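Residue numbers (this note's numbering): 4 to 95. In what follows, a structure is listed as structure tokens, so that the remarks can point back to it.
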């Protein structure tokens, strides 16, 4: 049986940006606000901050937020994510 910490990362969503975070995290909320303001569609994956998975530690040391692009690329740190979202919203 696979435990929660051994769970595998979800397959890449090829249609939408995926936001990994926790609903109580203020840094995640800042990213959510930018996504809403820019009208960017996205998928949410809630991370249990008390039982983080092994793959999450391997990718981002267990921190949130992070976004996964449809290409599979990962961007972390709220400020870096918000700057990226600003750039892509200018091109749409």
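Cβ atoms here follow ideal geometry from the backbone N, Cα and C, with glycine treated the same way. As the structure is a prediction and not an experimental result, all values here were calculated from the model.
- Going by DSSP, residue 84 is part of the alpha helix (DSSP H) stretching over 81-93.
- By the Cβ-count criterion, residue 69 is buried, with 16 or more other Cβ atoms from all chains shown falling within 10 Å of its own Cβ.
- Residue 58 has its alpha-carbon roughly 13 Å from the corresponding atom of residue 52.
- In the three-state scheme derived from DSSP, where H, G and I count as helix and E and B as strand, residue 67 is classed as coil.
- In the displayed model, residue 60 falls within a helix according to three-state DSSP.
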